[in-house]
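Enquirer: Position 181 of the sequence shown, counting from 1, maps to 181 under the UniProt record's numbering, and the rest follow consecutively. C-beta atoms are modelled at their ideal positions from N, C-alpha and C, and glycine is treated no differently. This structure is a prediction, so every number in the text was calculated from the model and none was measured. There's a structure below that I have some questions on.
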Amino acid sequence: MAATATTNGAHANGIHLNGTDIDAKFAEQNEMNGFSPENIPPSEFHERIQKVQAALEPANLVGLLAFGDCWRGANICYFTHFRPLDGVSDIANSLFFLPANGPPALFVSIQCLSYAQTISTFPVYTFNDLASHLQKFSASNSGKLGLAGADYIPADLLDRVKAALGSVELVETSVLAEIKAVKSEREIALIRKASLLADAAMAAIRDTLADGKPHTERELALIADQAMLAGGAERTAYDSMVQAGPRSAFNLARPTDRVLQPGNLVMTDIGARYRGYVADGGRGFTYGPASEDKIAIVKAAARAVEAGLAEGKAGMTCAELNAVIQRSIVKSGYEEFSSEARGHGTGHGTGMDPEEEQPWIGPGNQTVLREGMVFTLKATITVPGVGGLRTERIVRVLPEGHESGRGIEALDQFPMELYW
Numbered sequence: 001m002a003a004t005a006t007t008n009g010a011h012a013n014g015i016h017l018n019g020t021d022i023d024a025k026f027a028e029q030n031e032m033n034g035f036s037p038e039n040i041p042p043s044e045f046h047e048r049i050q051k052v053q054a055a056l057e058p059a060n061l062v063g064l065l066a067f068g069d070c071w072r073g074a075n076i077c078y079f080t081h082f083r084p085l086d087g088v089s090d091i092a093n094s095l096f097f098l099p100a101n102g103p104p105a106l107f108v109s110i111q112c113l114s115y116a117q118t119i120s121t122f123p124v125y126t127f128n129d130l131a132s133h134l135q136k137f138s139a140s141n142s143g144k145l146g147l148a149g150a151d152y153i154p155a156d157l158l159d160r161v162k163a164a165l166g167s168v169e170l171v172e173t174s175v176l177a178e179i180k181a182v183k184s185e186r187e188i189a190l191i192r193k194a195s196l197l198a199d200a201a202m203a204a205i206r207d208t209l210a211d212g213k214p215h216t217e218r219e220l221a222l223i224a225d226q227a228m229l230a231g232g233a234e235r236t237a238y239d240s241m242v243q244a245g246p247r248s249a250f251n252l253a254r255p256t257d258r259v260l261q262p263g264n265l266v267m268t269d270i271g272a273r274y275r276g277y278v279a280d281g282g283r284g285f286t287y288g289p290a291s292e293d294k295i296a297i298v299k300a301a302a303r304a305v306e307a308g309l310a311e312g313k314a315g316m317t318c319a320e321l322n323a324v325i326q327r328s329i330v331k332s333g334y335e336e337f338s339s340e341a342r343g344h345g346t347g348h349g350t351g352m353d354p355e356e357e358q359p360w361i362g363p364g365n366q367t368v369l370r371e372g373m374v375f376t377l378k379a380t381i382t383v384p385g386v387g388g389l390r391t392e393r394i395v396r397v398l399p400e401g402h403e404s405g406r407g408i409e410a411l412d413q414f415p416m417e418l419y420w
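Next comes the structure, spelled out in structure tokens:
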């Protein structure tokens, strides 16, 4: 079953519309779906499609096939407000197909078809139509079709795609990852709002602990979630983490009924989702009178991230920025207790998903930072028997010669050194 009612005139029948016309064309659709002026408008989706399409031929690709699921939806959400739904069936998956010359198409579960039609600006089909669509494409094309999301597309879906492509070769591509790494001003505004909601969550934890009463990790995680939702978040970006005392020495863990104790080091990893965009932030703090070794961990992590904030700029490679933070952690004496210091990487792209492929701030990545890129900078230090934390900031690359004098700007504002 194909959907033609939602075809964007900019992609069909040779009709070309400007941005204002496109937004006007879908004004009724946007109103029905409850979109506000803050949401990404149809015209920006159209611009993104054009940008990716223009990049295909220089990459020696005849088209792009982008996979996304309910957990990693950015490859889909870059082109439409549709995001796959959480589930164990095909409702969790989606494919976006973009020929180098021709209109785009979205493939979803038959259970999601009507919804996807009303939220997209181009034709939507079910997975039942996938094979015939790709067979028709391969009959008139030869060469390489780029695949975005190759690391997590289900094997059975991948087999169906390959079987339908005939002589067209399916190859992994980073074209989409590199393009969506640079955010528009609208995207940055939404990430900034999500970041401020995550800040509000940390403030809610701080205010709760000020009463001096017993509080559990799980209770504080819930308070953080409530603060973000009350502030306008559509949901949390991921399951909020609060780890206290010896559990703060775990790199990642879900909250429990453990009660915070005076002298504990506490790790939090909390983020909000706002109108399709997320914040991925982390802070740690001491609770009550704390020993010098715990205070030293707080200071070392903050110092490492601040070094990255101070030196990061457009034109720098990801590897060079990673080295700045990595050196700071090693210099503080925590190489043995930090995955970042040991080469895991000190940041990652973020936007529609908490973690996006580019820019990965890690050793060996020669990707050059460009104005508008948004990513995290982080330092995790976890010392068994003492505790640990993760200090993680959401930042964007500023234009060269920015009036602030800095090369990157933090979109979140909550302090890094916290002693409560």
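(1) How about V298 and I325: do their beta carbons lie closer than 8 angstroms?
(2) Label V124 either buried or exposed according to how many other C-beta atoms from any shown protein chain fall within 10 Å of its C-beta, with 16 as the threshold for buried.
(3) When DSSP labels each residue in this structure, what does G387 get in the three-state scheme?
(4) I need the straight-line Cα distance from P246 to L260, nearest angstrom please.
(5) Helix, strand or coil for K378 per DSSP?
(6) If you reduce the DSSP assignment to three classes, tell me which class N93 lands in.
(7) Let me know if N93 comes out buried or exposed under the rule of 16 or more other beta-carbons within 10 Å of its beta-carbon.
(8) Give the C-beta separation of F82 and A105 to the nearest angstrom, bearing in mind that I take them to be a contact with Cβ-Cβ under 8 angstroms.
(9) For L309, which residues in the same chain have their Cβ closer than 8 angstroms to its Cβ, ignoring the five residues on either side in sequence?
(10) In chain order, which continuous runs of the alpha helix (DSSP H) of length 4 or greater are located wholly inside the stretch 51 to 129?
(11) Could you check which residue in I119, A203 and Y277 has the C-alpha nearest to that of Q413?
(12) Under 6 angstroms Cβ to Cβ from A55, same chain only, skipping five residues before and after it: list those, please.
(13) Tell me the DSSP secondary structure of G245 in three-state form.
(14) Please go through the same chain and pick out, in chain order, the residues whose beta-carbon is closer than 6 angstroms to the beta-carbon of A177, but skip the five residues on each side of it.
(15) Output the distance between the C-alpha atoms of E400 and A150, rounded to the nearest integer angstrom.
(16) According to DSSP, is M416 part of a helix, a strand, or is it coil?
(17) Can you say whether A139 is buried or exposed, counting buried as having 16 or more other CB atoms within 10 angstroms of its CB?
(18) On the premise that C77 lies in contact with M352, defined as a C-beta separation below 8 angstroms, what is that separation, rounded to the nearest angstrom?
(19) Of the choices D269, F35 and F285, whose alpha-carbon is the least far from that of P262?
(20) With a 10 Å radius around its C-beta and 16 neighbouring C-beta atoms as the bar for buried, classify G343 as buried or exposed.
(21) Taking the straight line between their C-alpha atoms, what separation do you get for I329 and L147?
(22) Out of curiosity, what's the CA-to-CA distance linking M416 and L229?
(23) In the structure shown, what three-state DSSP assignment does K144 receive?
(24) Just confirm the distance between the C-beta atoms of V390 and D269, as a whole number of angstroms; I'd bet it's less than 8 angstroms.
(25) If L190 sits next to A164, beta carbons under 8 angstroms apart, how far is it from one beta carbon to the other, in whole angstroms?
(26) My output table needs one value for G282: the three-state DSSP class, helix, strand or coil.
(27) Find the nearest neighbour of N101 within the set R160, L145 and R72, judged by alpha-carbon distance.
(28) Cβ of Y287 within 8 angstroms of Cβ of L209?
(29) Determine whether the beta carbon atoms of T80 and S36 lie at a separation below 8 angstroms.
(30) Where does T346 fall in DSSP's three states?
(31) Applying the criterion that 16 or more other CB atoms from any shown protein chain within 10 Å of the CB defines a buried residue, is D90 buried or exposed?
(32) How big is the Cα-Cα spacing for A272 and S142?
Expert: By the coordinates alone:
(1) Taking the sequence shown and counting its residues from 1, one reaches residue 298 at position 298. Taking the sequence shown and counting its residues from 1, one reaches residue 325 at position 325. Between V298 and I325, the C-beta gap is not smaller than 8 angstroms, which leaves the two residues out of contact.
(2) Translated into positions along the sequence shown, residue 124 becomes position 124. With 16 or more Cβ atoms within 10 Å of its Cβ, V124 is classed as buried.
(3) On the sequence shown, position 387 is the one that residue 387 refers to. Three-state result, G387: strand.
(4) Sequence index remark: in the sequence shown, residue 246 carries index 246 (1-based). Sequence index remark: in the sequence shown, residue 260 carries index 260 (1-based). Roughly 11 angstroms between the two C-alpha positions.
(5) If you number the sequence shown from 1, residue 378 lands on position 378. Reduced to three states, the DSSP call for K378 is strand.
(6) Within the sequence shown, numbered from 1, the residue matching residue 93 stands at position 93. Correct three-state label for N93: strand.
(7) Taking the first residue of the sequence shown as position 1, residue 93 is located at position 93. Label assigned to N93: buried.
(8) Taking the sequence shown and counting its residues from 1, the one referred to as residue 82 is at position 82. Taking the sequence shown and counting its residues from 1, the one referred to as residue 105 is at position 105. The pair is not a contact, with the Cβ atoms about 12 angstroms apart (cut-off 8 angstroms).
(9) Along the sequence shown, read from residue 1 onward, the residue named residue 309 stands at position 309. The answer, listed in chain order, is L377, R393, V395, R406, I408 and A410.
(10) 74 to 77 and 113 to 119
(11) Counted from its first residue, the sequence shown places residue 413 at position 413. When only C-alpha atoms are compared, the closest one is A203.
(12) Translated into positions along the sequence shown, residue 55 becomes position 55. Around A55: V175.
(13) Numbered from 1 along the sequence shown, position 245 holds the residue referred to as residue 245. Residue state, collapsed to three classes: helix.
(14) As a first step, residue 177 must be located in the sequence shown, where it is residue number 177. Here the set comprises E357 and Q358.
(15) Within the sequence shown, the letter at position 400 stands for residue 400. Within the sequence shown, the letter at position 150 stands for residue 150. One C-alpha to the other measures close to 34 angstroms.
(16) Stepping through the sequence shown from its first residue, residue 416 is reached at position 416. Three-state DSSP puts M416 in coil, outside helix and strand.
(17) Counted from its first residue, the sequence shown places residue 139 at position 139. Looking at its Cβ environment, which holds fewer than 16 other Cβ atoms inside 10 Å, A139 is exposed.
(18) Within the sequence shown, the letter at position 352 stands for residue 352. Within the sequence shown, the letter at position 77 stands for residue 77. Right, the Cβ-Cβ distance comes to about 5 angstroms (below 8 angstroms), so this counts as a contact.
(19) For this step, residue 262 is matched to residue 262 along the sequence shown. Of D269, F35 and F285, the residue nearest in Cα terms is F285.
(20) Position 343 of the sequence shown holds residue 343. With fewer than 16 Cβ atoms within 10 Å of its Cβ, G343 is classed as exposed.
(21) Here residue 329 corresponds to residue number 329 of the sequence shown, with the count starting at 1. Here residue 147 corresponds to residue number 147 of the sequence shown, with the count starting at 1. Whole-angstrom Cα-Cα distance: 37 angstroms.
(22) Along the sequence shown, read from residue 1 onward, the residue named residue 416 stands at position 416. Along the sequence shown, read from residue 1 onward, the residue named residue 229 stands at position 229. For M416 and L229, the gap between their C-alpha atoms comes out near 23 angstroms.
(23) For the purposes of this step, residue 144 is taken as residue 144 along the sequence shown, with counting starting at 1. It is a strand residue.
(24) Looking up residue 390 in the sequence shown gives position 390. Looking up residue 269 in the sequence shown gives position 269. Per the sequence presented here, residue 390 reads as Arg, with Val not at that position. At roughly 6 angstroms, the Cβ-Cβ gap stays under 8 angstroms, so R390 and D269 are in contact.
(25) Taking the first residue of the sequence shown as position 1, residue 190 is located at position 190. Taking the first residue of the sequence shown as position 1, residue 164 is located at position 164. Actually they do not touch by this definition, with Cβ atoms about 36 angstroms apart.
(26) Translated into positions along the sequence shown, residue 282 becomes position 282. The answer is strand: DSSP assigns G282 an E or B state.
(27) Here residue 101 refers to the residue found at position 101 when the sequence shown is read from its first residue. Among R160, L145 and R72, the Cα nearest to that of N101 belongs to L145.
(28) As a first step, residue 287 is located in the sequence shown; it is residue number 287 there, counting from the start. As a first step, residue 209 is located in the sequence shown; it is residue number 209 there, counting from the start. Contact flag set, yes.
(29) Position 80 of the sequence shown, counted from the first residue, corresponds to residue 80. Position 36 of the sequence shown, counted from the first residue, corresponds to residue 36. Against a cut-off of 8 angstroms, the Cβ pair of S36 and T80 comes out as no contact.
(30) Along the sequence shown, read from residue 1 onward, the residue named residue 346 stands at position 346. In this structure, T346 counts as coil in the three-state DSSP scheme.
(31) Here residue 90 refers to the residue found at position 90 of the sequence shown. When all chains shown are included, D90 counts as buried.
(32) Position 272 of the sequence shown holds residue 272. Position 142 of the sequence shown holds residue 142. Roughly 43 angstroms separates the two Cα atoms.
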